[in-house]
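In our numbering, the protein residues as written are 997 to 1119. Glycine included, every Cβ here is placed at the ideal spot set by N, Cα and C. Before any comments, here is the structure.
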Amino acid sequence: MRKLFILLILIMSCSNQDGPSDLMSEEQMVNFLLDINIINSSRAYRNNSDLNYYNIKDTFLYKKHNIDSLQFVNSNKYYSSNPKQYLRIYSNLQKKMRFIKDSIEIELNKETKKIMDSLSLVN
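As structure tokens, this is what we get:
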């Protein structure tokens, strides 16, 4: 009986359904992960501009989102232990990234068309 009681206590203490007290919302996680992805992607690309994301420190990112590293770790741990929520977060992240990509492509196409039109006027 004592072993059963200890096992029950362990199971109940390990299953924290409410999450940590400083849990980031799903939207906060999406926005934070979006910034992380943009920064990490740009760290592989360098150009001569001073406006590169690779210069951004992680501490700035935490400050921007009004969180600390422990809050992110705890939130990430909580959401990763809840696959449906975690999948929803990454699905929303993917939508935001796709929207940004599509927006950039539209602007790039507009600029390319302007250049092509101006070149055709010269000829």
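Cβ contact (3+ pairs, closer than 8 Å) linking the stretch 1018 to 1034 and the stretch 1061 to 1078: Contact between the stretch 1018 to 1034 and the stretch 1061 to 1078 is present, with at least three C-beta pairs closer than 8 Å.
Pairwise C-alpha distance: residue 1114 and residue 1075: 51 Å
For residue 1080 and residue 1086, the rounded distance between their alpha carbons: Answer to the nearest angstrom: the Cα atoms are 10 Å apart.
Three CB pairs or more closer than 8 Å across the stretch 1024 to 1037 and the stretch 1053 to 1065: yes
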